[in-house]
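In our numbering, the protein residues as written are 165 to 524.
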């Protein structure tokens with residue numbers, strides 16, 4: 165049996181709470197000895213057989229935390245003979261590349277999503293400058309390569325994906341909405357307003373409920389809770405807070421509409437949402453805003469596009485109500501069958517890692 169190659173994955177997000185990286189580990193661990201270095205964010209700790217997770221404390225101010233993180237990363241890289249390092253594009257990640265001579269892949273999951281144009285520009289500029297020191301870059305969207313003005317010859321397209329949930333045929337006769345993800349800059353309260361408009365008109369004709377999982381600033385969470393309370397929707401709209409993927413699997417299986425609501429702005433336009441893939445491959449119809457990336461994923465078989473307003477979200481729910489008997493569970497899943505994590509890792513990422521390892 166061939167000896168496994170050694171892979172270090174670096175991510176500030178605690179293991180199991182960044183979906184993409186969890187599934188990278190799941191499908192790489194049979195061929196690689198994986199060490200996962202992350203912050204201990206005080207969430208419930210997850211384990212995965214074949215993956216060694218090492219935690220760094222979040223105690224102290226930003227400066228102390230960064231120095232501790234930098235030291236942890238440098239120590240881990242220098243003390244272990246890793247064949248390849250795969251690093252999330254955290255702030256000042258270029259320092260690691262400049263100090264060490266190891267083969268490091270920079271993984272870019274997002275550009276700046278700040279609403280302030282100056283801050284947005286400066287954050288993207290910083291990311292572009294940091295990326296310039298890396299020879300190998302993976303990125304989730306070809307549009308994002310152009311948006312960030314990266315050198316395309318250094319970039320490798322690594323798309324998003326999801327798992328197929330084998331939960332039998334979905335029942336599309338009810339309206340069971342699910343939103344999973346961050347609340348920051350997403351204006352999810354607008355979906356509650358749209359849901360309320362729909363419920364006033366159709367609530368007596370069809371069962372309606374809406375479950376929201378996620379996190380945000382205290383202001384964002386207050387805005388969401390006030391929207392639920394102000395429209396007296398507490399019995400059918402539930403905000404559950406932050407949970408890991410294993411804690412919400414039953415909701416993926418039971419819900420039939422996934423909400424991929426992203427403001428239609430230049431900074432979100434080239435951000436393909438992980439949740440769009442997750443909803444559809446779980447057999448849900450996806451109601452998503454018509455960003456460039458969502459428009460490339462959502463079609464008549466698997467979802468409904470809408471504008472970023474409560475009124476348009478309400479109209480999308482009405483369209484679902486009218487079409488609900490025509491949706492077919494098998495066609496929903498088949499529409500994105502090439503985007504399972506199994507196919508993405510085994511057909512894309514694994515060969516890319518091996519190619520770099522073997523390259524002198």
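Built from N, CA and C at the ideal position, the CB exists for glycine as well.
Name the residue from the options whose alpha carbon lies nearest to the alpha carbon of residue i.
i: residue 214; options: 354, 517, 194 and 242; result: 194
i: residue 197; options: 238, 505, 166 and 182; result: 166
i: residue 490; options: 273, 336 and 169; result: 336
i: residue 448; options: 358, 499 and 315; result: 499
i: residue 256; options: 227, 282 and 244; result: 227
i: residue 471; options: 484, 454, 462 and 482; result: 454
i: residue 450; options: 435, 376 and 496; result: 496
i: residue 519; options: 405, 274 and 320; result: 320
i: residue 494; options: 364, 275 and 445; result: 445
i: residue 258; options: 282, 173, 295 and 443; result: 295
i: residue 235; options: 282, 315 and 263; result: 263
i: residue 312; options: 291, 456, 503 and 462; result: 291
Under the three-state reduction of DSSP, which class applies to residue i: helix, strand or coil?
i: residue 477; result: helix
i: residue 471; result: coil
i: residue 494; result: helix
i: residue 311; result: helix
i: residue 345; result: strand
i: residue 320; result: strand
i: residue 511; result: helix
i: residue 392; result: helix
i: residue 489; result: helix
i: residue 271; result: strand
i: residue 523; result: coil
i: residue 358; result: helix
i: residue 371; result: coil
i: residue 251; result: strand
i: residue 340; result: strand
i: residue 167; result: coil
i: residue 402; result: strand
How about residue i and residue j: are their beta carbons less than 9 Å apart?
i: residue 252; j: residue 305; result: no
i: residue 269; j: residue 301; result: yes
i: residue 349; j: residue 427; result: yes
i: residue 505; j: residue 327; result: yes
i: residue 340; j: residue 420; result: yes
i: residue 512; j: residue 212; result: no
i: residue 354; j: residue 480; result: no
i: residue 248; j: residue 267; result: yes
i: residue 398; j: residue 347; result: no
i: residue 407; j: residue 377; result: yes
i: residue 402; j: residue 424; result: no
i: residue 189; j: residue 203; result: no
i: residue 303; j: residue 314; result: yes
i: residue 412; j: residue 388; result: no
i: residue 344; j: residue 422; result: yes
Can you tell me whether residue i is buried or exposed, with buried defined as 16 or more other CB within 10 angstroms of its CB?
i: residue 208; result: exposed
i: residue 286; result: exposed
i: residue 435; result: buried
i: residue 410; result: exposed
i: residue 273; result: buried
i: residue 271; result: buried
i: residue 375; result: buried
Let me see if you follow: with CB-CB separation under 9 Å, is residue i close to chain B or not?
i: residue 385; result: Here chain B cannot be found, since the structure has a single protein chain.
Thinking residue i and residue j are a contact (beta carbons under 8 Å), I'd like their distance in whole angstroms, please.
i: residue 391; j: residue 357; result: 7 Å
i: residue 307; j: residue 288; result: Contact flag wrong, Cβ pair sits at about 13 Å.
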